[in-house]
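Take a look at the structure below.
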Amino acid sequence: MSRLVLKFGGTSVADMARIRSVAGHVKREIDAGHQVAVIVSAMAGATNQLVAWCREAAALHDAREYDAVVSSGEQVTAGLLAIVLEGMGVNARSWQGWQLPVLTSNAHGTARILDINGAELLKRFKERQEVAVVAGFQGIHKETGRITTLGRGGSDTSAVALAAAIAAERCDIYTDVDGVYTADPRVVPRARRLDRIAYEEMLELASLGAKVLQVRSVELGMVHNVRIFVRSSFVEAQDIDPHATPPGTLICGEEEIMEQQVVTGIAFSKDEAQISIRRVQDKPGVAAAIFGPLAEANINVDMIVQNVSADGATTDVTFTVPAADYQRATDVLVKAKPQVGYERVDGANDVAKISVIGIGMRSHAGVAAKAFKALAQKGINIRAITTSEIKFSLLIDANYTELAVRTLHSLYELDDK
Ligand code: ADP
Ligand code: ASP
Ligand code: MG
Numbered sequence: 536m537s538r539l540v541l542k543f544g545g546t547s548v549a550d551m552a553r554i555r556s557v558a559g560h561v562k563r564e565i566d567a568g569h570q571v572a573v574i575v576s577a578m579a580g581a582t583n584q585l586v587a588w589c590r591e592a593a594a595l596h597d598a599r600e601y602d603a604v605v606s607s608g609e610q611v612t613a614g615l616l617a618i619v620l621e622g623m624g625v626n627a628r629s630w631q632g633w634q635l636p637v638l639t640s641n642a643h644g645t646a647r648i649l650d651i652n653g654a655e656l657l658k659r660f661k662e663r664q665e666v667a668v669v670a671g672f673q674g675i676h677k678e679t680g681r682i683t684t685l686g687r688g689g690s691d692t693s694a695v696a697l698a699a700a701i702a703a704e705r706c707d708i709y710t711d712v713d714g715v716y717t718a719d720p721r722v723v724p725r726a727r728r729l730d731r732i733a734y735e736e737m738l739e740l741a742s743l744g745a746k747v748l749q750v751r752s753v754e755l756g757m758v759h760n761v762r763i764f765v766r767s768s769f770v771e772a773q774d775i776d777p778h779a780t781p782p783g784t785l786i787c788g789e790e791e792i793m794e795q796q797v798v799t800g801i802a803f804s805k806d807e808a809q810i811s812i813r814r815v816q817d818k819p820g821v822a823a824a825i826f827g828p829l830a831e832a833n834i835n836v837d838m839i840v841q842n843v844s845a846d847g848a849t850t851d852v853t854f855t856v857p858a859a860d861y862q863r864a865t866d867v868l869v870k871a872k873p874q875v876g877y878e879r880v881d882g883a884n885d886v887a888k889i890s891v892i893g894i895g896m897r898s899h900a901g902v903a904a905k906a907f908k909a910l911a912q913k914g915i916n917i918r919a920i921t922t923s924e925i926k927f928s929l930l931i932d933a934n935y936t937e938l939a940v941r942t943l944h945s946l947y948e949l950d951d952k
């Protein structure tokens, strides 16, 4: 007998039929003799609707009230799943964040989990074989007691944190794809499902745009050594062979992966904007004058490129910021013009960042150079480049996103045969 956490995302609990199907999966694990805690998301689209209502109520609203509103979606699905399970003869009880409790930081809208008390769940597993159905995405601030939420996609993090708290053997993330692919299967039809992927690679994939798992959930999995298994909820429970390993992707330690490819996956993000400062004084202190005020304004700068100065006196500096901060960043730079000294600021919102990820890059040279050539052959211009030990990212025109991702996917021999 083992202890499992099962997490079901929005499309997996989108309506009553889907919730019944999910209950079938929970019952299957109970019948196999496991202790089960479930984390549910809100029904597909519910959180978007709640966010939209907050914005409609007031463009600038109190983050504490935002959390009061957007946390409600998960309350509904947790209760409904518990009702359906009871109807199937499975003991079940729903739990909201404040009831366990799930204690978090005070950063409303993007709170971090600090501690989860799983004692009552463990007691009930033992005494009543009761399934715990826990509302994902939410917690309470440890001092004020107010409801907090964990950022979009946060139910993944609820699940991995709960798995760590109750020392579960595995955390199954049930979603609308049957695993982690070499690229988003909706964009690259020839993407291949990975049997295993290392935490570090998954962390890069997730932070560079693959939304299949929230970044924080992978971080927690890595720190607490939680085995995360991504699998499909769109298979009916009765069609699963209890003796076979189901299709899916295990996120695990690097040492558990036998055949390490040079490139494991490709991610992309259109959530970035490019800013270029033209004819900046080429002298010491200029970078500080540009990036200091941006940091003070809490704007994350990602890729940075400084052109070689043609005349020895001025240069161009290009960098990216989150698209949501584009206007604010431009305003900050205009204000800092006297300190920086430049001719003008140009910007573009229609850019995309394509990232190629693989632990094998540590020991292989020239991996990125191949990409530059392949994209040039397709007439795709690269606006900026960044590299690190296990990944490199390229900034291109957003119009070419799909073409670039597919080109690189073939180039690194990731296409399904
Ligand atoms: P859930 O509602 O279950 O949390 P999400 O929509 O958050 O599901 O995440 C699943 C989606 O992630 C898939 O539908 C897929 O389009 C997308 N995705 C992006 N990159 C990848 C990838 N590399 N592998 C699998 N899915 C990916
Ligand atoms: N319902 C939340 C969201 O849509 C949390 C989640 O689904 O993980 O972001
Ligand atoms: Mg998700």
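Counted from 1, the sequence shown has number 675 at position 140 by the numbering used here; the numbering is strictly sequential. Glycine is no exception: its CB is placed at the ideal position from the N, C-alpha and C atoms.
- Following the DSSP letters along the chain, one finds aspartate 650 inside the beta strand (DSSP E) bounded by residues 648-651.
- With the rule of 3 Cβ pairs closer than 8 Å, the segment 576-583 counts as touching the segment 538-549.
- In the same chain as serine 537, and ignoring 5 residues on each side of it, the C-beta atoms closer than 6 Å to its own belong to His569, Glu704, in chain order.
- For glycine 632, the three-state secondary structure derived from DSSP is helix.
- Restricting attention to Arg814, Glu924, Gln634, Gly680, the CA atom closest to the CA of alanine 670 is found in Gln634.
- In the three-state reduction of the DSSP assignment, proline 873 falls in the helix class.
- Residue burial annotation: methionine 838 is buried, with at least 16 other C-beta atoms found within 10 angstroms of its C-beta.
- Taking non-hydrogen atoms of the ligand ASP into account, the C-beta of glycine 744 is found less than 7 Å away from none of them.
- Under DSSP, leucine 949 shares a beta bridge with no residue.
- In this chain, the alpha helix (DSSP H) harbouring glutamine 912 covers 902-912.
- Between threonine 710 and serine 767 a beta carbon distance of about 7 Å is seen, short of the 8 Å cut, so the two are scored as contacting.
- The closest CA to that of glycine 644, considering only Arg681, Ser629, Lys658, Ala654, is found on Arg681.
- In this structure, the beta-carbon distance from threonine 780 to leucine 729 does not fall below 8 Å.
- For the 8 Å CB-CB criterion, aspartate 932 and valine 886 form a contact.
- Around the beta carbon of alanine 700, 16 or more other beta carbons lie within 10 angstroms, which makes this residue buried.
- A distance below 8 Å between beta-carbons, with the five flanking residues on each side excluded, links lysine 746 to the following residues of its chain, in chain order: Gly688.
- Taken atom to atom, the span from the alpha-carbon of lysine 913 to that of glutamate 937 is near 12 Å.
- Here the distance from the Cβ of tyrosine 601 to the nearest heavy atom of the ligand ADP is not below 7 Å.
- In this structure, cysteine 787 lies near arginine 762, with their beta-carbon atoms less than 8 Å apart.
- For the pair leucine 829 and valine 836, the CB atoms are nearer than the 8 Å cut-off.
- Remark: the C-beta of aspartate 691 is in contact range of the ligand ASP, defined as less than 7 Å to any heavy atom.
- If one requires a minimum length of 3 residues, the beta strand (DSSP E) runs lying completely within the segment 743-771 are 763-767, in chain order.
- When only Cα atoms are considered, leucine 930 and alanine 592 end up about 36 Å apart.
- Put simply, the segment 861-874 touches the segment 802-815. At least three CB pairs are less than 8 Å apart.
- Taking 8 Å as the cut-off, the beta carbon of threonine 784 is found no closer than this to the beta carbon of arginine 725.
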